[in-house]
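A.B. asks: Provided herewith is a single structure, encoded as structure tokens, for subsequent inquiry.
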Ligand code: SF4
Ligand code: SF4
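In our numbering, the protein residues as written are 15 to 405.
Have a look at this one:
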């Protein structure tokens with residue numbers, strides 16, 4: 015089971031970039047042919063889009079989060095990364111919502127031509143990958159590349175992705191990475207890691223390379239050696255963030271809690287509120303389920319097959335001969351939560367939740383995964399106290 019990842023190497027090789035250095039980083043990656051994707055303020059949200067310059071980062075914007083609530087707010091400083099997880103995650107680029115797989119056309123003479131969709135290999139640079147999302151990418155790697163049924167299109171996008179992590183210094187009210195052991199310090203998997211520092215000495219970014227390519231990119235940027243004051247300020251900012259998490263999971267083995275809660279009464283309570291809309295699965299950076307969908311035009315001469323995200327909250331998700339296996343909202347919510355926190359360990363060797371809080375923010379009725387886990391834990395304790403003897 016995970017432990018908190020706030021322990022840091024006291025003095026890893028590092029340099030300091032200023033705002034011009036950050037822009038030079040974006041330009042250097044673009045010059046290498048990469049499409050730089052990062053956060054920007056658009057349409058009342060911090061969204062992930064292509065950045066042509068670091069000036070498009072959301073300098074001076076933060077977010078106000080709660081269950082079913084998201085609002086972008088002006089900050090008093092000019093921080094670029096003082097916002098936590100937004101409505102999208104990197105899976106929007108690595109595992110896009112809809113992908114055409116093939117097309118088929120029938121000519122007037124009846125000859126059928128089937129064309130496999132060819133996607134040019136993507137070459138992304140993701141700027142601003144939060145430590146929890148870094149872990150989410152590693153989880154999707156295990157799911158989509160680690161088994162017998164490798165997703166080659168995902169592999170191509172993933173191979174071309176250069177990851178620039180940004181450690182969290184401003185956690186949101188719905189964040190709980192500390193109790194999932196996924197942040198706020200960056201774990202392994204990045205090419206470059208940045209920590210934003212804003213103090214009386216100025217606005218700057220402590221930068222470390224995690225790969226040879228990351229070191230090569232950093233070496234070409236205007237920079238200065240990492241000084242002790244910047245290192246200390248960066249470490250303190252991350253340490254402070256660890257102490258300001260908005261939420262936490264109960265301090266128990268969640269895998270065991272889920273396995274012993276299958277008949278809990280709490281499932282009825284949460285099912286009475288859950289709309290089974292599937293928003294939580296769409297927003298979740300680790301949810302990976304897709305389905306295929308075939309369409310034809312009105313003449314019947316043109317057909318296409320698409321893959322698209324699918325949600326375990328859909329009634330048809332568990333459709334077998336005879337009908338859906340999970341017919342009630344209770345069974346579908348229970349499936350989602352027990353998979354995320356429990357059986358994911360059995361399948362993939364980790365939790366399926368990284369504590370980003372997106373499912374809490376984007377649930378229209380503010381259902382909170384941490385609140386549900388606490389409620390299940392309390393119900394288990396109450397049963398034990400009543401001598402009912404849960405495992
Ligand atoms: S938990 Fe919330 S977001 Fe998820 S399916 Fe239920 S109502 Fe929708
Ligand atoms: S289950 Fe919720 S908190 Fe956990 S990773 Fe998914 S969206 Fe984030």
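Beta carbons are placed, not taken as given, at the ideal position from N, Cα and C, and that holds for glycine.
This one's a predicted model, so the numbers in the text were calculated from it and none came from an experiment.
What's the gap between the Cα of residue 169 and the Cα of residue 30?
C.D. replies: For the purposes of this step, residue 169 is identified with residue 155 of the chain shown, where counting begins at 1. For the purposes of this step, residue 30 is identified with residue 16 of the chain shown, where counting begins at 1. Looking at the two C-alpha atoms, the distance is approximately 33 Å.
A.B. asks: Relative to ligand 2, is the shortest distance from any of its heavy atoms to the C-beta of residue 373 smaller than 6 Å?
C.D. replies: By one-based count along the chain shown, residue 373 stands at place 359. Yes, the Cβ of residue 373 comes within 6 Å of a heavy atom of ligand 2.
A.B. asks: What is the C-beta distance between residue 177 and residue 140, in whole angstroms, given that I count them as a contact (C-beta under 8 Å)?
C.D. replies: For this step, residue 177 is matched to residue 163 along the chain shown. For this step, residue 140 is matched to residue 126 along the chain shown. The Cβ separation is near 5 Å, so the contact holds.
A.B. asks: May I ask you to check if the CB of residue 151 is nearer than 6 Å to at least one heavy atom of ligand 2?
C.D. replies: In the chain shown, the residue the question calls residue 151 occupies position 137. The answer is no for residue 151.
A.B. asks: Assign residue 313 to buried or exposed, taking buried as 16 or more other Cβ atoms, counted over all protein chains shown, within 10 Å of its Cβ.
C.D. replies: Stepping through the chain shown from its first residue, residue 313 is reached at position 299. Residue 313 should be labelled exposed.
A.B. asks: In terms of residues, what are the limits of the alpha helix (DSSP H) holding residue 383?
C.D. replies: Start at 1 with the first residue of the chain shown, and residue 383 comes out as number 369. 383 to 399 is the span of the alpha helix (DSSP H), which, as asked, contains residue 383.
A.B. asks: Among 55, 66, 62, 71, which residue has its Cα nearest to the Cα of residue 87?
C.D. replies: By 1-based counting over the chain shown, the position of residue 87 is 73. That would be 55, whose Cα lies nearest to the Cα of residue 87.
A.B. asks: Leaving out five residues on either side along the sequence, give the residues of the same chain with a beta carbon under 6 Å from the beta carbon of residue 343.
C.D. replies: Locating residue 343 in the chain shown gives position 329, counting from the first residue. Excluding sequence neighbours, residue 343 sits near 285, 288, 290.
A.B. asks: Kindly provide the ranges of any beta strand (DSSP E) runs that are 3 or more residues long and lie completely inside the stretch 53 to 78, ordered along the chain.
C.D. replies: Here the runs fully enclosed are 59 to 64.
A.B. asks: What residue does the beta strand (DSSP E) around residue 213 start on, and which one ends it?
C.D. replies: Indexing the chain shown from 1 puts residue 213 at position 199. Counting along the chain, the beta strand (DSSP E) containing residue 213 begins and ends at 206 to 213.
A.B. asks: Mind checking who residue 130 pairs with in its DSSP beta bridge?
C.D. replies: Reading the chain shown from its first residue, position 116 is the one you call residue 130. Its beta-bridge partners are 116.
A.B. asks: Using the C-alpha atoms, what's the distance from residue 380 back to residue 101?
C.D. replies: Your numbering for residue 101 matches position 87 in the chain shown. Your numbering for residue 380 matches position 366 in the chain shown. If you take the alpha carbons of residue 101 and residue 380, they lie about 15 Å apart.
A.B. asks: If you check the beta carbons only, do residue 271 and residue 391 fall under 7 Å apart?
C.D. replies: The residue labelled residue 271 in the question sits at position 257 within the chain shown. The residue labelled residue 391 in the question sits at position 377 within the chain shown. The answer is yes: Cβ separation under 7 Å.
A.B. asks: Does DSSP put residue 329 in a helix, a strand or coil?
C.D. replies: Residue mapping note: residue 329 aligns to position 315 of the chain shown, counting from 1. Here residue 329 sits in helix by DSSP.
A.B. asks: Just reading off the alpha helix (DSSP H) that residue 345 is part of, what are its end residues?
C.D. replies: The residue given as residue 345 occupies position 331 in the chain shown. 343 to 352 is the span of the alpha helix (DSSP H), which, as asked, contains residue 345.
A.B. asks: Skipping 5 residues on each side, what residues in its chain have a beta carbon closer than 6 Å to that of residue 193?
C.D. replies: On the chain shown, position 179 is the one that residue 193 refers to. Cβ neighbours of residue 193 beyond the five flanking positions: 262, 263.
A.B. asks: Quick check on DSSP: helix, strand or coil for residue 338?
C.D. replies: Residue numbering aside, residue 338 sits at position 324 when the chain shown is read from its first letter. In this structure, residue 338 counts as strand in the three-state DSSP scheme.
A.B. asks: How would you call residue 410, buried or exposed, if buried means at least 16 neighbouring beta carbons within 10 angstroms?
C.D. replies: Residue 410 lies beyond the stretch modelled for the chain, which goes from 15 to 405, so this question has no answer here.
A.B. asks: Do residue 188 and residue 374 count as a contact pair if the criterion is CB distance below 7 Å?
C.D. replies: What you label residue 374 is simply residue 360 of the chain shown in a count that begins at 1. What you label residue 188 is simply residue 174 of the chain shown in a count that begins at 1. A contact, by the Cβ cut-off of 7 Å.
A.B. asks: If I'm right that residue 52 touches residue 62 with Cβ under 8 Å, what's the distance once you round it to whole angstroms?
C.D. replies: Along the chain shown, one-based indexing puts residue 52 at 38. Along the chain shown, one-based indexing puts residue 62 at 48. Right, the Cβ-Cβ distance comes to about 7 Å (below 8 Å), so this counts as a contact.
A.B. asks: Are at least three pairs of beta-carbons, each pair with one atom in the stretch 147 to 161 and one in the stretch 107 to 114, less than 8 Å apart?
C.D. replies: Touching, yes.
A.B. asks: For residue 216, write down the residues that DSSP places opposite it in a beta bridge.
C.D. replies: What you label residue 216 is simply residue 202 of the chain shown in a count that begins at 1. 213, per the DSSP bridge assignment.
A.B. asks: Buried or exposed for residue 293, going by 16 or more other Cβ atoms inside 10 Å?
C.D. replies: Here residue 293 corresponds to residue number 279 of the chain shown, with the count starting at 1. With 16 or more Cβ atoms within 10 Å of its Cβ, residue 293 is classed as buried.
A.B. asks: Does residue 101 come out as helix, strand or coil in the three-state DSSP assignment?
C.D. replies: For this step, residue 101 is matched to residue 87 along the chain shown. Of the three classes helix, strand and coil, the one that applies to residue 101 here is coil, per DSSP.
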